[in-house]
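Notes follow once the structure below has been shown.
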Amino acid sequence: MKTTLEQWRMFRAVVEHGGYAQAADAIYKSQSTISYGVHKLQEQLGVQLLEVEGRKAFLTPEGKTLLLRAERLLDQAEGIDRVAASLSGGTESLLRVARDMIYPCEQLFCALENFSKAYPHTRIELEEFVLSGGDDLLEADKVDLLITAHVPTDRQGQHVCRCELVPVTSANHPLQTLGRRIGYDDLIEYRQVVLRDSGKKRNVDSGWLGANQRWTVTHVSTSVNIVKRGLAFAWLPSHWVEQDIAAGNLAVIPFEEEATRYADLYLIKAHPDSVGPAAQALYELLSSKEEFSCPNDATKAKPLVMDGSAE
């Protein structure tokens, strides 16, 4: 007993459209073809799927059970057809994307959400790194699109945003209770938490590293948690800490002079001469200076500075 997808399609059409004649019009087949196909299907299965009353066909209990399974099968088959059509058109089946951890997640996720509407069958592999870690990914050919603050001399990068890094402590940290403005010399006696360069050579430093005590971690979220517990101070991306600052869990260190840092981030194509349509579409979304719809975002990723001016 071998049934075919086409038989199940005709059976589904009869049910969805209420009869053989209506199904014939809907799927552009003759009524006799559909009638024969469904009759043959029932004969092969040894099960009555439909009962005909007048000009309308109704599901039997057995037919209802089998239709539920057939619909899943047909949906999967149609999905395979869509993927094959996409691949035959040169669309990549996989994109490897890497971001410096200071790049706002929401900005990336919003771009990916919009991308997935146009390219639902392209898989995404997302990797995160710190400082020179992106260089290693490029050299090892393990990435297609890279968001980094460090553009190698043999590459070209498109500026995508400027990330703000603010000096913060817990609200009750001693640096918040000195009763005066803070200078860099004041920091020396307090513990600092910094991110480790994830590159193999680990030869890139970022910012002030003058504290006598230093803890080194591998993820921004770990830094945030350490600072919130009052164990250290740090310069952290403002989009990671703005809610905790607003809630009073963290506080900006009151420096004598402006101490906020800015990191310019760039988008790099690993293979600019052979970019497929999916990679190009995601590249354009990530590099766009225009606002685009991101319905699942409760809030926008902030603060970002585009073209040198605050949003």
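Residue 119 in our numbering sits at position 119 of the sequence shown; the count goes up by one each step and never skips.
The C-beta atom is built at its ideal place from N, Cα and C for all residues, glycine as well.
The model shown is predicted, which means the values in this text are computed figures rather than measured ones.
- Here the C-alpha atom of D185 lies approximately 40 Å from the C-alpha atom of E139.
- Pairing A26 with H39 gives a Cβ-Cβ distance that is not under 7 Å.
- Scanning its chain for C-beta atoms nearer than 8 Å, with the 5 sequence neighbours on each side dropped, one finds around L66 the residues L45, V47 and L49, in chain order.
- Ranked by Cα distance from R123, the first of C105, H150, L87 and D136 is L87.
- DSSP, read as helix, strand or coil, puts K40 in helix.
- If you look at R214, you'll find it isn't in any alpha helix (DSSP H); it sits in the beta strand (DSSP E) that goes Q213 to V217.
- Residue environment analysis places S93 among the exposed positions, since fewer than 16 neighbouring C-beta atoms fall within 10 angstroms of its C-beta.
- Counting only runs of 3+ residues, the beta strand (DSSP E) found wholly inside the region 49–76 occupies 50–53 and 56–59, in chain order.
- Judged by their CB atoms, R191 and T218 are not nearer to each other than the 7 Å cut-off.
- A residue is called buried when at least 16 other Cβ atoms come within 10 angstroms of its Cβ; F58 does not meet this threshold and is exposed.
- Out of V151, I102, R181 and Q243, the CA that lies nearest to the CA of D135 is found in V151.
- A direct Cα-Cα distance of roughly 10 Å separates R72 from E78.
- Note on I147: 16 or more other CB atoms within 10 angstroms of its CB, so buried under the neighbour-count rule.
- Comparing C-alpha distances from D100 to each of V220, V166 and N212 shows the shortest one belongs to V220.
- Counting the other CB atoms within 10 Å of its CB gives R82 a total below 16, which places it among the exposed residues.
- Relative to the Cα of L250, the nearest Cα in the group V224, R261 and D264 belongs to V224.
- A residue is called buried once 16 or more other Cβ atoms fall within 10 Å of its Cβ, and E164 is buried on that count.
- V14 is a Cβ neighbour of A23, given a cutoff of 7 Å.
- Around the CB of L282, 16 or more other CB atoms lie within 10 Å, so the residue is classed as buried.
- Rounded to the nearest whole angstrom, the C-alpha separation of A278 and I268 is 15 Å.
- When the five nearest sequence neighbours on each side are left out, the beta carbons in the same chain lying within less than 7 Å of the beta carbon of P254 are those of R181 and I182, in order along the chain.
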